[in-house]
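Note sheet for the following structure.
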Amino acid sequence: MENVTGDWTRERAEQFLDERAIPIRLAMQTPDGGLWMLSLWYRYRDGNLECATGAKAKVVRYLRENPAVAFEISTNEPPYRGVRGAGTASVSPDEDKAVLRALVDRYLGDRDSGLAESLLSPERDEVAIEIDVDRAYTWDFSDRMQARED
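For the sequence shown, position 65 matches number 227 in the working numbering, and the numbering has no gaps at all.
As structure tokens, then:
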């Protein structure tokens with residue numbers, strides 16, 4: 163993630179992406195020219211965003227047709243802040259579920275829940291989605307929202 167503009171430095175944006183276990187909102191174009199958006203778990207790793215999903219999910223077909231994406235990772239509670247941008251997604255098998263396991267650990271804390279067991283089931287065929295971030299914009303309304311509370 164080299165091209166970062168807005169309120170934060172690249173280092174601060176990376177820190178935010180590492181610290182926040184909130185979903186990424188991922189937007190893309192469908193094969194018929196429509197728009198599609200969904201939320202996925204992510205992790206920031208080696209300058210890219212990584213997600214996982216079922217191999218038969220619509221998003222997989224859409225990204226294989228057109229890998230251009232837009233994304234947003236932001237807080238849902240004030241003060242609002244986050245990172246949004248655009249990039250190129252690639253889809254690859256997550257045969258040993260390495261990405262999914264890391265995401266389960268990040269978002270659920272452990273693998274002892276019914277949800278974790280369901281996601282990590284050997285019957286599930288998973289893929290990894292890697293987003294090469296072309297550009298990112300950061301915003302942080304902390305100062306502005308703090309002033310309103312005074």
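Just so you know, even glycine gets a beta-carbon here, dropped at the ideal spot from N, CA and C.
### the stretch 296 to 304 touching the stretch 236 to 253, judged by at least three CB pairs closer than 8 angstroms
Result yes; three or more Cβ-Cβ pairs closer than 8 angstroms.
### Task
Take E311 and list the residues in its own chain whose beta-carbon comes closer than 6 angstroms to its own, dropping the five residues that flank it on each side.
Any answer about E311 is weak, because its pLDDT of 47 lies below 50 and its placement is not dependable; what the coordinates show is given next. Cβ within range, chain order: n/a, list empty.
### Query
Going along the chain, which residues of its own chain have a beta-carbon closer than 8 angstroms to the beta-carbon of I184, five neighbours each way excluded?
Only I235, S236, T237, N238 meet the Cβ criterion.
### Task
Using alpha carbons as the reference points, say which of L225, R243, G195 lies closest to W301.
Of the listed residues, the one whose Cα sits closest to W301 is R243.
### Query
Rounded to a whole number of angstroms, what is the C-alpha to C-alpha distance between T241 and R306?
Thr is not the amino acid found at residue 241; the sequence shown has Pro there. A direct Cα-to-Cα measurement between P241 and R306 gives close to 8 angstroms.
### Query
Cα-Cα, which of F233, R205, G168, E164 is closest to L179?
Ranking F233, R205, G168, E164 by Cα distance to L179 puts R205 first.
### Rounded C-alpha distance that separates W198 from Y224
Between W198 and Y224, the C-alpha separation is close to 9 angstroms.
### Query
Per DSSP, what kind of secondary structure is F303 in: helix, strand or coil?
Of the three classes helix, strand and coil, the one that applies to F303 here is coil, per DSSP.
### Query
Rounded to whole angstroms, how far is the Cβ of I330 from the Cβ of V266, which I believe are closer than 8 angstroms?
No answer is possible for residue 330: the residues shown for the chain start at 163 and end at 312.
### Message
Starting from E212, trace the beta strand (DSSP E) in both directions and tell me its first and last residue.
### Response
Looking at the DSSP string, the run of the beta strand (DSSP E) that includes E212 is 210 to 216.
### Query
For K220, is the classification buried or exposed, using 16 other Cβ atoms within 10 angstroms of its Cβ as the cut-off for buried?
With fewer than 16 other beta carbons inside 10 angstroms of its own, K220 counts as exposed.
### Query
Which residues bound the alpha helix (DSSP H) around L225?
For L225, the enclosing alpha helix (DSSP H) has its first and last residue at 220 to 227.
### Query
Since G168 is in the beta strand (DSSP E), which residue starts that stretch and which ends it?
166 to 168 is the span of the beta strand (DSSP E), which, as asked, contains G168.
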